[in-house]
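Line by line, the protein sequences give chains A and B. Position one of the first sequence corresponds to residue 101 (the numbering used here), numbered consecutively onward. Position one of the second sequence corresponds to residue 243 (the numbering used here), numbered consecutively onward. Structure, as structure tokens:
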Amino acid sequence: MSSKENEPIQLLQGTLDLIVLRTLDSMGSQHAYQIATRLQQVSDRLLNLNQGTLYPALVRLEQYGWIKGTWGKTENNREAKYYAITRAGQKALGEETQRWRRMAGLVEKLLVEES
Amino acid sequence: MRYLRRIFLRFFSLFANSKAEAELDREIAAHLQLLEDDFLDRGMTPEEARRAARCTYGGVEQMKQLHRNERAYQGLATTVMDVQYTLRQLRKSPGFTLTAILMLAFGIGATTAVFSIVEGVLLRPLPFADPNRLVVLGDDLVGSHWDQSSVTAPDIRNYMRDTHSFLHLGGYQRIGLELSSTGDPVHVDATRMSGEVFPTLAIAPLMGHWFTQREDDQHQLVAVLSYGMWRERFHGDEKILGTKILLDRKPYLVIGVMPRDFEFPLVPGHVNNSELWVPLSPRPEEFTAGYAASWNSHMVGRLKPGITPAQAQSDSQLVAEETMRNYPGFMRSLRIRSEVKLLHEDTVAQARPLVDTLLIAVTIVLLIACANLAGLLLVRSIRRRREIAVRLALGARPAMLLRQAMVESLVLSIAGGLVGLAFAAACIRIGISLLPETLPRIHEISLDWPVIAFALGLAILTGLVCGLAPAFAAIRTSVNETLKEGGRTGTSGSGHGRLRSTLVVAEIAVALVLLTASGLLLRSFEKMREVDLGFRVDHTLSAFYVLPQKRYATQSAIDNFTDTLLRNLRQLPGVKAAGISSSLPAAGDGGELAITVEGHVPQKDAGLNMAAVSLMQGDPFQALGVRLLQGRLFTESDKADSQLVAIVNRKLAEHFWPGQDPIGKRLRRGMPETPTPWLTVVGIVDDVKLGSPDDATVEQFYQPVTQLTTSEGAFASAGELSATYGYIVLHTDTPPEQLENSFRAAVRTIDPQLPLIQMQTMEHVIADSEAPRLFNTVLISAFAMIALLLAVLGIYSVIAFSVALREQEMAIRMALGCQRQGVLHLVLTSAAKLGAIGCLLGLLIAAVLSHLLRSFLFGVSPFDPLVLMLSAAAMLSFALAASVLPATRAAKINPIIALRGD
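Rendered as structure tokens:
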């Protein structure tokens, strides 16, 4: 795989993880479709993502031990894998949020000074 | 932490791939279903809903690949598949797998065990700070044949004062001290050393402090204890510092305890380590007379930065020349050369030949194990020729086949390496107790990380090397030819046959090398046992004693003790003779000195005439059973003021007075210029082995201890005491062990505080002196046996396989009328041919390597025809024996069944 193809995902990676964690933290356990829907709502459909893009992020977060997936039923009695944030995930969310804020603040400051 | 967890999971996922894939499929299906439901709710037709769901979800396969990349290390995936494939294959042939793994475990285990010895003894840095700057400094006394460089007391003073190359430099001398303040008096091994030695070694004490040069110069009575001494004799008492202990009945202040792993001097073996250290504080008389010519101390130093050992040596040589200029008249012919060597080299020098031999032995064992594995793999690849041909025909790339073959051999070799490691751990545990004490730092030998890394590295290397040949043989398979052979197995490619034969020949050859080595060592051992030791071994008991100067300050006190002791001992029931000698045969402690013989004009540059002297009291000749050849033994009338007499051994007599009657001839101590009185030879005794039976016999002479001081002439220092120590020897008519208690009691009645050191029978002393050779012999023989076993296994497997391949050929032969006898003959002849070539090659290699073994042999030439012939014959018959089973199996083939098969 060339690095060029990777680029947009690389850029999004940290953000995507943060959004997923944040979503699960505030809305309780969700399946992938719900997360994707939430993502679209929040971004006002500006972020036009294929829903499948979520899966690599989910497996990554699960391997970090930040979220945990269990099979369950939807209200329409369809099966779905529900992801819930773990305690380690909550802690990580706090740290990541801090880091994101510092980063964003820094970039913002730079942009202001440059202009 | 979380990264570690993820790395582990991503690695682990490689092995749980199918499960993860199924889970992913299920999740995607559920996701798509939910999307579809939603679109249906919005009023789409089922067809439209499905399409819209796919659209929203995006490319399923693309996403799956992204998921896989995220989930597991994909680069490793194919390797994991290969490994899984290999494991499946190996499970299908457990016999092959087990043989291969055990064979490698043998080879790698033995190699690893030996490597850990080498690592512990040769490679590990000395346990001192910055060991590469540590050197030993000593004199090479020109004309003597001492191999250890030692120094005299004046040397220590001069070198310490006048050299400029050393950051620190100090002298030391190993001594025995009587420790009597804790319970029963005991003899402890100690070292007196300059205050400079501690900073040279730069190891901080565990408790308290070490003594300084100042304390040494001021002759302070202070002592530093070893960890072992502190734990055992003082029960790890933390308040030991500042207390006083009695050493040789003088009070010493304990000022420090060294850490557990501190050991100095680094003496070979794990016994007689120094248990405490006291200041050298040389007495004034040690700079005069005989002491000035006693090379009985050593020096250790730390080089200044940027100074090489060679520079330090030339610096020291200047000091040595000044020392020689100041020699008193009686030693002006002595010449010394300074020697500076790295401490590490000095420590391992003695062990190197043994370690080298060991390395060669294990290399051979490993080579054989490798050859066996290669043989097995080759056989396997031939068996799978058809499968490989089919896969090639279906488009398998050779690179892939090669990779699979390599993975297979690596899996085997790594498994073998792990089993071998366990095997090595067991070997090391047993081995340490058997290793000869000539190996330095023996307790440091262990299975540690470098050793484990070595073993696994070796396993991987073995796997790569062993896998290559069969792997290439496999991919060279010609698709057409193989598939055309159809059902008929026929007789397979001669190219592979040659490779197999080469392996067998190589195995036989190297195994024979070890076998001859072992044979030669066994013969040497036998020869050593036959050596005439010159004294009686059975019914003899000995013990060593040292009289502390504090109590025995006058010659009369000493003589009083000795006389009473001998009288009491003679009265013990079961004692036939009792005597005291300053040196014990076979104990290896006979110091040599220069002598001058009347009428003997030394040739130019002939060096010094050196002889070992023993001082006798009582009847030591009778007690030891040393044979008198001519003249008389010493008697009570050989007193200090009567005529000075000596008894010489046969070798000395034959050297100086060949073909003459030595009785009445005269010799004296020292060099020609030394003013010493003549000693008249009154008797000649047989040669006695002073060290190990395989050591060369040295020239010896004996003196009555009463005449020592007079005979030393200018060497004697004022007020010198004689007979302060010695080996008491008893000849018993009952088993000597039974006398030990009454022996101790007899000493205790005279001096209750005096410890007897190393009470042992002469049989024991001999066994100790033979131990190193016994060890070498057992070790090499053990390796030879392993090599033989492995080689036989290898020969068997290769021959058995060739026979199996030729089954149809044999069947046809038999169908055409060949007798079973003929088939048997056919197989055995081919084995014999390989065996003969292997043996010839092996003898050649043995001849090339003979110089390595020469230093270990005793009384046997490395080309001893008997040993060479016997080993070759044994090897050949083993090769034949290994092929008998396959041969009889071939002879039992039922032609009808064999030809109908396939």
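Ideal Cβ placement from N, Cα and C applies to all residues, glycine included. Since the structure is predicted, the reported quantities are computational estimates derived from the model, not experimental observations.
How close, in whole Å, do the beta carbons of I800/B and I970/B come, if the pair is a contact with beta carbons under 8 Å?
Taking the second sequence and counting its residues from 1, the one referred to as residue 800/B is at position 558. Taking the second sequence and counting its residues from 1, the one referred to as residue 970/B is at position 728. So it is not a contact: roughly 14 Å between Cβ atoms.
With DSSP as the reference, label H451/B as helix, strand or coil.
As a position in the second sequence, residue 451/B is number 209, starting the count at 1. Coil, per DSSP.
Consult DSSP for H406/B and reduce its assignment to one of helix, strand or coil.
The count along the second sequence starts at 1 and reaches residue 406/B at position 164. Note: H406/B maps to coil in three-state DSSP.
Since L379/B contacts L585/B with CB under 8 Å, what's their CB separation in whole angstroms?
Within the second sequence, the letter at position 137 stands for residue 379/B. Within the second sequence, the letter at position 343 stands for residue 585/B. About 10 Å; that fails the 8 Å criterion.
Return the bridge partner residues of A853/B from the DSSP annotation.
Here residue 853/B is taken as the residue at index 611 of the second sequence, counted from 1. Beta-bridge pairing links A853/B to L835/B.
In whole angstroms, what is the alpha-carbon distance linking Q307/B and E213/A?
Numbered from 1 along the second sequence, position 65 holds the residue referred to as residue 307/B. Numbered from 1 along the first sequence, position 113 holds the residue referred to as residue 213/A. So the two alpha carbons sit approximately 43 Å from each other.
Are any of the Cβ atoms in chain A nearer than 7 Å to that of Y299/B?
If you number the second sequence from 1, residue 299/B lands on position 57. Taking Cβ atoms only, chain A reaches closer than 7 Å to Y299/B, which makes this a yes.
Using a Cβ-Cβ cut-off of less than 7 Å, give me the residues of the stretch 305 to 334 of chain B that come near chain A, in sequence order.
M305, L308, H309, E312 and R313
Please list, in chain order, the chain B residues whose beta carbon lies closer than 8 Å to that of R160/A.
Counting from 1 along the first sequence, the entry for residue 160/A is found at position 60. Result: R248 and E312.
Report yes or no: do the stretch 739 to 754 of chain B and the stretch 600 to 615 of chain B share at least 3 C-beta pairs separated by less than 8 Å?
yes
Report buried or exposed for T782/B, applying the criterion of at least 16 other Cβ atoms within 10 angstroms of its Cβ.
Here residue 782/B corresponds to residue number 540 of the second sequence, with the count starting at 1. By the neighbour-count rule (16 or more Cβ atoms within 10 Å), T782/B is buried.
With respect to the alpha helix (DSSP H) encompassing G968/B, which residues constitute its N-terminal and C-terminal limits?
Numbered from 1 along the second sequence, position 726 holds the residue referred to as residue 968/B. Segment Y967 to T974 is the beta strand (DSSP E) holding G968/B; no alpha helix (DSSP H) there.
Does the stretch 338 to 355 of chain B come close enough to the stretch 658 to 670 of chain B that 3 or more CB-CB pairs lie under 8 Å?
yes
Quick one: list the residues of chain A neighbouring A264/B, beta-carbon separation under 8 Å, in chain order.
Taking the second sequence and counting its residues from 1, one reaches residue 264/B at position 22. Contact of A264/B with chain A by beta-carbon distance below 8 Å is absent, the smallest such distance being about 13 Å.
Given a threshold of 16 other Cβ atoms within 10 Å of its Cβ, counted over all protein chains shown, does H477/B qualify as buried or as exposed?
Along the second sequence, one-based indexing puts residue 477/B at 235. Flag for H477/B reads exposed.
Between the Cα of P827/B and the Cα atoms of V1007/B, D479/B and A591/B, which residue gives the shortest distance?
Indexing the second sequence from 1 puts residue 827/B at position 585. Nearest of V1007/B, D479/B and A591/B to P827/B, Cα basis: V1007/B.
In chain A, which residues lie less than 9 Å from D279/B when you measure between Cβ atoms?
Within the second sequence, numbered from 1, the residue matching residue 279/B stands at position 37. T174, N176 and R178, listed in chain order.
Using a Cβ-Cβ distance under 7 Å, would E269/B count as near chain A?
On the second sequence, residue 269/B is found 27 positions in, with the first residue counted as 1. True, the Cβ-Cβ gap to chain A drops below 7 Å.
Just to make sure I have the definition right: I need the residues of chain B whose C-beta is within less than 8 Å of the C-beta of T186/A. Which are they?
Numbered from its first residue, the first sequence carries residue 186/A at position 86. Within chain B, no C-beta atom comes nearer than 8 Å to that of T186/A; the closest sits roughly 11 Å away.
Comparing C-alpha positions only, which one of F370/B, G450/B, S392/B and L489/B sits nearest to T424/B?
As a working note, residue 424/B is residue 182 in the second sequence. It is L489/B whose Cα lies nearest to the Cα of T424/B.
Checking 7 Å against the spacing of the C-beta atoms, do G867/B and R812/B come in under that value?
Residue 867/B sits at position 625 when you count from the first residue of the second sequence. Residue 812/B sits at position 570 when you count from the first residue of the second sequence. The answer is no: Cβ separation not under 7 Å.
Step through the CB atoms of chain B and report whether any lies within less than 7 Å of the CB of Q163/A.
To locate residue 163/A, count along the first sequence from 1; it is residue 63. Closer than 7 Å: yes.
With 7 Å set as the bound, which would you pick, yes or no: does the beta-carbon of G128/A sit closer than that to a beta-carbon of chain B?
One-based indexing of the first sequence puts residue 128/A at position 28. No, its Cβ sits nowhere closer than 7 Å to a Cβ of chain B.
List, in chain order, every chain A residue whose beta-carbon is nearer than 7 Å to that of A208/B.
Since the first residue shown for chain B is 243 and the last is 1144, residue 208/B is missing from the structure and cannot be characterised.
Helix, strand or coil for R313/B per DSSP?
Taking the first residue of the second sequence as position 1, residue 313/B is located at position 71. In the structure shown, R313/B sits in a helix (DSSP, three-state: H, G or I).
Once the 5 residues before and after A1073/B are set aside, which same chain residues still bring their CB inside 8 Å of it?
As a first step, residue 1073/B is located in the second sequence; it is residue number 831 there, counting from the start. The residues are I1037, I1041, A1121, L1122, A1124, S1125 and A1129.
So who's on the other strand from A785/B, going by DSSP bridges?
As a first step, residue 785/B is located in the second sequence; it is residue number 543 there, counting from the start. According to DSSP, A785/B bridges with I970/B.
Of the choices T405/B, M642/B, Q1061/B and E941/B, whose alpha-carbon is the least far from that of M323/B?
For the purposes of this step, residue 323/B is identified with residue 81 of the second sequence, where counting begins at 1. Of the candidates T405/B, M642/B, Q1061/B and E941/B, the one whose C-alpha sits nearest the C-alpha of M323/B is M642/B.
Name the residue from V360/B, M1111/B, T287/B and L329/B whose alpha carbon lies nearest to the alpha carbon of V693/B.
Your numbering for residue 693/B matches position 451 in the second sequence. Nearest C-alpha to V693/B among V360/B, M1111/B, T287/B and L329/B: V360/B.
Which partner residues does E581/B have in the DSSP bridge list?
Taking the first residue of the second sequence as position 1, residue 581/B is located at position 339. According to DSSP, which records beta bridges pairwise, E581/B is partnered with G380/B.
Output the residue ranges of the beta strand (DSSP E) runs that lie fully inside the stretch 329 to 373 of chain B and measure 3 residues or longer, sorted by chain position.
none
Using 7 Å as the limit for Cβ to Cβ distance, is L251/B near chain A?
Looking up residue 251/B in the second sequence gives position 9. So, interface residue.
Is it buried or exposed, H309/B, if we count other Cβ atoms within 10 angstroms and call 16 or more buried?
Walking along the second sequence from the start, residue 309/B turns up at place 67. So H309/B ends up on the buried side.
DSSP three-state call for F943/B: helix, strand or coil?
Here residue 943/B refers to the residue found at position 701 of the second sequence. It is a strand residue.
Which residues in chain A sit within 9 Å of L238/B, going by Cβ to Cβ distance?
Look at the range of chain B in this structure, 243 to 1144, and you will see that residue 238/B is not part of it.
Is it buried or exposed for A795/B, if we count other Cβ within 10 angstroms and need 16 for buried?
By one-based count along the second sequence, residue 795/B stands at place 553. The residue is exposed, with fewer than 16 neighbouring Cβ atoms inside 10 Å.
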